[in-house]
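Undergrad: Before I ask anything, here is the structure I am working with.
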Amino acid sequence: MTTAADEPNAKPEAKRGFLARCRDFALELWQVLIRPSSVFALGVLVLAGIAAGVMFWGAFNTALELTNTEKFCTGCHEMKDNVYAELKSTIHFTNRSGVRATCPDCHVPHNWTDKIARKMQASKEVWGKIFGTINTREKFLDHRLELAAHEWARFKANDSLECRNCHSADSMDITKQSPRASVAHQRFLFTGEKTCIDCHKGIAHHLPDMRGVPGWQ
Amino acid sequence: MLKRSGIILLALAIAAATGSLTAQTVTSGLRGPAPLNDEGPAPPMLPNRNTSEKEARNYPEQPPVIPHSIDGYQIDLNSNKCLSCHARSRTAESQAPMVSITHFMDRDGQFLASISPRRFFCTECHVPQNSATPPVSNDFVDIDTLLSRASPGGRR
Numbered sequence: 001m002t003t004a005a006d007e008p009n010a011k012p013e014a015k016r017g018f019l020a021r022c023r024d025f026a027l028e029l030w031q032v033l034i035r036p037s038s039v040f041a042l043g044v045l046v047l048a049g050i051a052a053g054v055m056f057w058g059a060f061n062t063a064l065e066l067t068n069t070e071k072f073c074t075g076c077h078e079m080k081d082n083v084y085a086e087l088k089s090t091i092h093f094t095n096r097s098g099v100r101a102t103c104p105d106c107h108v109p110h111n112w113t114d115k116i117a118r119k120m121q122a123s124k125e126v127w128g129k130i131f132g133t134i135n136t137r138e139k140f141l142d143h144r145l146e147l148a149a150h151e152w153a154r155f156k157a158n159d160s161l162e163c164r165n166c167h168s169a170d171s172m173d174i175t176k177q178s179p180r181a182s183v184a185h186q187r188f189l190f191t192g193e194k195t196c197i198d199c200h201k202g203i204a205h206h207l208p209d210m211r212g213v214p215g216w217q
Numbered sequence: 001m002l003k004r005s006g007i008i009l010l011a012l013a014i015a016a017a018t019g020s021l022t023a024q025t026v027t028s029g030l031r032g033p034a035p036l037n038d039e040g041p042a043p044p045m046l047p048n049r050n051t052s053e054k055e056a057r058n059y060p061e062q063p064p065v066i067p068h069s070i071d072g073y074q075i076d077l078n079s080n081k082c083l084s085c086h087a088r089s090r091t092a093e094s095q096a097p098m099v100s101i102t103h104f105m106d107r108d109g110q111f112l113a114s115i116s117p118r119r120f121f122c123t124e125c126h127v128p129q130n131s132a133t134p135p136v137s138n139d140f141v142d143i144d145t146l147l148s149r150a151s152p153g154g155r156r
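Those sequence lines, one after another, are chains D and C.
The opening residue of the first sequence carries number 1 in UniProt numbering; numbering runs sequentially from there.
The opening residue of the second sequence carries number 1 in UniProt numbering; numbering runs sequentially from there.
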């Protein structure tokens with residue numbers, strides 16, 4: 001039906017501009033899409049739609065989870081040589097029980113909506129990767145305070161949610177903690193006066209220049 | 001002739017001595033049962049004392065020991081984790097002892113507003129304590145004990 005309308009335009013197509021041809025194509029597609037199907041049964045369309053939806057969602061989620069692995073994060077030398085190297089000597093990487101945190105455990109929210117929001121933010125990180133914002137050690141160190149401040153702000157805003165995914169205040173047995181830790185947790189954590197990140201900065205990576213950061217000298 | 005037999009005797013004696021030395025395993029008390037030419041198994045690492053209770057100093061000038069664990073504490077140009085509790089402005093919240101006022105002095109005895117750079121690296125003098133028993137025991141006697149030994153009954 002649309003091919004007939006296309007015929008007169010076939011000859012001078014070479015002369016027409018690219019934008020004009022794009023507009024024609026879009027109009028033609030729109031004409032097809034707004035009309036009911038005259039070929040496929042409604043059932044076929046519905047089932048095909050569901051199947052396509054499942055496939056699209058599966059592929060989307062698989063791709064999303066693929067970007068949510070330590071292997072993906074440390075695929076860039078910026079992460080591998082700086083923050084990942086520093087993580088290795090901390091208790092979140094090596095410890096007596098062998099339970100360890102990977103990059104997304106702390107840096108990507110586990111909840112779906114928050115995760116998608118964070119993934120959209122990460123487009124800035126793709127930008128940084130493409131334009132080499134931190135592609136040398138010196139550049140990384142120059143940006144370290146800014147990068148760390150982003151993460152501190154995020155943890156502060158969500159009440160250290162990513163810490164609490166593993167470290168629950170309810171399950172914390174303060175009698176098993178050192179006296180110093182148990183006093184501090186009772187005074188500041190259980191009362192809600194402070195959140196994890198207020199005291200536990202620099203536990204997984206080295207700290208930037210801390211002058212001016214509250215609680216530091 | 002006499003000289004020659006002497007040399008032979010000496011050679012024999014040396015040979016016998018080295019033979020008996022290599023035959024027996026030489027050990028040292030400090031190293032435990034491992035022979036000197038072997039590297040014995042490393043003793044297990046013991047935990048650091050972590051009570052947070054102040055320990056008495058053995059002599060007045062002794063840098064106080066750290067009665068808690070400091071694993072992973074960053075002390076470098078960028079930050080000083082110790083000072084986030086022990087700095088003057090932080091002690092009200094942390095209830096930790098304040099860094100000694102002597103640490104605010106530069107080497108000319110002038111007081112600065114904050115910790116003098118030469119006193120910044122805490123672990124140069126202050127160290128955590130391990131619960132291991134040392135192979136060589138310490139026979140240090142503090143001054144009070146020494147004085148009371150000199151004059152029984154005590155004289156201050």
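Backbone N, C-alpha and C define an ideal beta-carbon position, used for all residues, glycine too.
For Ala184 (chain D), count neighbouring C-beta atoms within 10 Å of its own C-beta (all shown protein chains included) and say buried if the count is 16 or more, exposed if not.
TA: buried
Undergrad: Report all residues from its chain with a CB closer than 8 Å to the CB of Leu112 (chain C); omit the five preceding and five following residues, and keep chain order.
TA: Phe104, Met105, Asp106
Undergrad: At a CB-CB cut-off below 7 Å, which residues of chain D make contact with Ser52 (chain C)?
TA: Ser178, Pro179, Arg180
Undergrad: Please list, in chain order, the chain D residues whose beta carbon lies closer than 9 Å to that of Ala87 (chain C).
TA: Trp216, Gln217
Undergrad: Just checking my contact of Glu162 (chain D) with Asp105 (chain D) at CB under 8 Å: how many whole Å lie between their CB atoms?
TA: 7 Å
Undergrad: For Leu83 (chain C), which of C:Ile14, C:Glu61, C:Ser116 has the nearest alpha-carbon?
TA: With distances taken between Cα atoms, Leu83 (chain C) lies closest to C:Ser116.
Undergrad: Quick check on the burial criterion: 16 or more other C-beta atoms within 10 angstroms. Buried or exposed for Ile101 (chain C)?
TA: Ile101 (chain C) should be labelled exposed.
Undergrad: Taking the straight line between their C-alpha atoms, what separation do you get for His77 (chain D) and Ile34 (chain D)?
TA: 49 Å
Undergrad: Going by C-alpha to C-alpha distance, which of D:Gly98, D:Cys103, D:Val99 sits closest to Ala85 (chain D)?
TA: D:Cys103
Undergrad: Return helix, strand or coil for Ala204 (chain D), following the three-state DSSP convention.
TA: coil
Undergrad: Quick check on the burial criterion: 16 or more other C-beta atoms within 10 angstroms. Buried or exposed for residue 228 (chain D)?
TA: Residue 228 (chain D) lies beyond the residue range present for chain D, which begins at 1 and ends at 217; the question has no answer from this structure.
Undergrad: With DSSP as the reference, please indicate the residues paired to Phe111 (chain C) in a beta bridge.
TA: According to DSSP, Phe111 (chain C) bridges with C:Met105.
Undergrad: Just checking: is the beta-carbon of Gly202 (chain D) within a distance shorter than 8 Å of some beta-carbon in chain C?
TA: yes
Undergrad: Could you say which of C:Pro134, C:Val141, C:Asp142 lies nearest to Met45 (chain C) if we only look at CA atoms?
TA: C:Pro134
Undergrad: Any idea what DSSP makes of Ile50 (chain D), helix, strand or coil?
TA: helix
Undergrad: I'd like to know whether the C-beta of Thr113 (chain D) is nearer than 8 Å to at least one C-beta of chain C.
TA: no
Undergrad: Going by CA-CA distance only, name the one from C:Arg4, C:Arg149, C:His126 that's closest to Gln62 (chain C).
TA: C:His126
Undergrad: Is the beta carbon of Gln129 (chain C) less than 8 Å from the beta carbon of Asn48 (chain C)?
TA: yes
Undergrad: Let me know if Phe18 (chain D) comes out buried or exposed under the rule of 16 or more other beta-carbons within 10 Å of its beta-carbon.
TA: exposed
Undergrad: Would you decide whether Cys85 (chain C) is buried or exposed? Buried here means 16 or more other CB atoms lie within 10 Å of its CB.
TA: buried
Undergrad: In this structure, how does DSSP classify Ile66 (chain C) when only helix, strand and coil are distinguished?
TA: strand
Undergrad: How do the region 44-61 of chain D and the region 175-190 of chain D stand: do at least 3 beta-carbon pairs fall below 8 Å, yes or no?
TA: no
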